[in-house]
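Report on the structure given below.
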Amino acid sequence: MNAALPTTAPAAVQPLLSVTDLHVSYGKIDAVRGVSLRVAPGEIVTVIGPNGAGKTTLMSAIMGVLPSRGAIQIARSSGELAAPGDDIGGRVREGLALVPEIRALFGSMSVEDNLRLGAFRFRREARAQHDAALEEVFTIFPRLKERRRQEACTLSGGERQMLALGRALMGRPRLLMLDEPSLGLAPLIVRDIFRTIAGLRERGVSILLVEQNARAALKVADHAYVLELGQVAMQGKASDLADDPRIIDAYLGMQGRHQAMLST
């Protein structure tokens, strides 16, 4: 009887971002408690949960905007996980980019100037390289090219979200963190934004997505975490959570059909 051939388990994918036992406090209030998550290269990971669950606080701590306790590690080009430093600059240098809920655009500056500011970490590169990055953003968001000379304050809500995304992409991020990208947008614009997010994954951009539109977020993501009262209540494949009765009851419910339309 022939001996069975030895089998080798597939190697685990090295995460691009690893967060372990993260705690964030506002005075005596613990907003985030013991959260751990991972984002693999080329993956979209979403964090969903109710208002006040700590989602934005989590993103701010990962970016270095808020002080935290725990381990935040980012994979270097060598593949080794290492702490990025305690300041925002350390995160930016390692290729993290955050698009905040408020978008934080410079309203009196033109669309093009806002975009060029996003390439600040590559300020020593030749202008031709910045121009190439700008044209790539215009390929993703043709409407921004049409409005490149307009002041940012004259744009619609959807156009401002495109500009905020485009500015972050100018920094050629390895990990793009999006905080409520669909907030306050019309349904058709929400659909376009989620199509863009899915397209960015095809371009090799890893994404950490905080989103209240749970149905759309779970449809576009690979992996999902459910945050409740500052802690991870559930996690797993996004497609599995989208079909979980607990998730449907708590986050999808009667709005599920409408949200599904926005994600296709």
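Under our numbering, the first residue of the sequence shown is numbered 141, with each subsequent residue one higher. Yeah, the Cβ is synthetic: ideal placement off N, Cα and C, and Gly gets one too.
Check, Outcome
"Roughly how many whole angstroms lie between the Cα atoms of L157 and A180?", "7 Å"
"Given G344, which residues of its chain have a CB within under 7 Å of its CB, disregarding the five upstream and five downstream residues?", "G182"
"Using the DSSP secondary-structure output, state which residues sit across from Y166 in a beta bridge.", "I169"
"May I have a chain-ordered list of the alpha helix (DSSP H) segments no shorter than 4 residues that lie completely inside the stretch 186-250?", "195-203 and 228-233"
"Let me confirm a value: G376 is counted as buried when at least 16 other C-beta atoms fall within 10 Å, else exposed. Which label applies?", "exposed"
"Taking the straight line between their C-alpha atoms, what separation do you get for R341 and T294?", "30 Å"
"Does DSSP put G298 in a helix, a strand or coil?", "helix"
"Here's the rule I'm using: 16 or more other beta-carbon atoms within 10 Å means buried, otherwise exposed. How should R314 be labelled?", "buried"
"Could you pull out every residue in the same chain whose Cβ sits closer than 7 Å to the Cβ of M302, ignoring the five residues on either side in sequence?", "F281, R283 and L284"
"Distance, Cα to Cα, M317 vs V187?", "11 Å"
"Quick check on DSSP: helix, strand or coil for R261?", "helix"
"Could you round the C-beta distance between V360 and V366 to whole angstroms and report it? I think they count as a contact, below 8 Å.", "Between V366 and V360 the Cβ distance is about 16 Å, and since that is not below 8 Å, they are no contact."
"Are R243 and G204 closer than 8 Å when you measure CB to CB?", "no"
"Between the Cα of S296 and the Cα atoms of S208, I329 and L221, which residue gives the shortest distance?", "I329"
"In terms of residue numbering, what span does the beta strand (DSSP E) encompassing I329 cover?", "Taken as a continuous stretch (DSSP letters only), I329 belongs to no beta strand (DSSP E), being part of the alpha helix (DSSP H) at P327 to E342."
"Could you name the residues of the same chain whose beta carbon sits closer than 6 Å to that of P240, not counting the 5 residues immediately before and after it, in chain order?", "D319"
"Just mark P327 as buried or exposed, buried being the case when its beta carbon has 16 or more other beta carbons within 10 Å.", "exposed"
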